[in-house]
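Using this note's numbering, the first residue of the sequence shown is number 1, and each one after it goes up by one.
Structure record follows, encoded as structure tokens.
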Amino acid sequence: KQQGKPFAQLLHEALITPLGMQGSSFELTPEVEQKLADASMWTYDGRRFPAPRFALGTAPAGNMYSNVLDLSKFIICLLNDGRTEQGAILRPETLQEMLTPLKDAEGKPLSFGLGFHVQDLDGHVKIGHGGAVYGFSTQVEVLPERTLGVAAVSSLDGSNGVVGRIADYALRLMLANKEGNPLPE
């Protein structure tokens with residue numbers, strides 16, 4: 001409203017296009033729908049059924065259609081202090097503020113900055129964000145000090161915990177490889 005443009009259009013112009021994320025959108029366009037994976041939902045009694053395809057109406061908090069290749073471009077931008085090959089989309093100090101944990105009323109750091117969780121992975125600062133809509137779960141995780149990142153996705157509803165563990169395992173594999181250590185089981 002403040003920019004005089006729909007949210008999806010603004011994000012496409014300010015983020016998706018500069019990052020070269022050609023397969024991503026906040027709208028389910030025919031081009032996006034054509035490449036969208038078939039997703040499933042499940043019930044406690046073991047039945048599975050196709051996930052519905054519609055916007056949940058929560059675009060600023062989710063509903064971005066993307067893929068791991070495009071999400072890797074976002075990760076690279078984070079690792080480059082908000083810069084792309086075409087120039088900066090964020091000032092480094094703005095990104096740093098986003099990655100600084102907020103504090104509670106007593107001044108204790110929380111585990112979230114602005115849009116990113118800030119956690120520990122085996123002694124390394126890990127930033128990231130997860131998401132889910134009907135049938136899909138996604139996790140983006142980055143170890144800024146080690147210049148490593150991963151995007152993990154699933155086309156099964158309610159699989160956030162599994163996707164998060166896969167992302168952490170991938171980071172541990174990359175760390176071990178980078179440091180010349182044995183790979184974790």
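Heads up, the beta-carbon is just placed ideally off N, CA and C, and yes, glycines get one too.
Three-state secondary structure (DSSP) of residue i
i: M98; result: helix
i: Q2; result: coil
i: F7; result: helix
i: L90; result: coil
i: A151; result: strand
i: P182; result: coil
i: L114; result: coil
i: K27; result: What sits at residue 27 in the sequence shown is Glu, not Lys. Correct three-state label for E27: coil.
i: A14; result: helix
i: E141; result: strand
Endpoints, the alpha helix (DSSP H) within which residue i is located
i: P30; result: P30 to K35
i: G164; result: N160 to E179
Contacts around residue i, its chain only, beta-carbon distance under 8 Å, and the 5 residues preceding and following it disregarded
i: I89; result: A14, L15, P18, L19, C77, G82 and R83
i: G62; result: L56, G131, A132 and V133
i: G113; result: E97, M98, L99, T100, P101, L102 and I127
Length of the line joining the Cα atoms of residue i and residue j
i: Q3; j: P109; result: 32 Å
i: K5; j: L79; result: 29 Å
i: M21; j: V68; result: 10 Å
i: L28; j: V153; result: 18 Å
Close beta carbons around residue i, own chain, < 7 Å, minus the five adjacent residues each side
i: A51; result: A39, S40, M41, Y134, G135 and D157
i: H124; result: L143, E145 and R146
i: G128; result: F116, H117, Q139, V140, E141 and V142
i: D120; result: K126
i: L71; result: V140 and A151
i: D104; result: L110
i: P92; result: D81 and G82
i: M174; result: L148
N-terminal and C-terminal residue of the beta strand (DSSP E) that residue i is part of
i: H117; result: H117 to L121
i: K103; result: Here K103 belongs to no beta strand (DSSP E), and DSSP marks it neither H nor E.
i: G128; result: H124 to V133
Spatial neighbours of residue i in its chain, beta-carbon cut-off 6 Å, leaving aside the 5 residues before and after
i: R205; result: Outside the modelled stretch of the chain, which goes from 1 to 185, sits residue 205, for which no answer is possible.
i: E85; result: none
Quiz item: What are the complete alpha helix (DSSP H) segments, minimum 4 residues, inside the stretch 35 to 84?
Solution: 68 to 79
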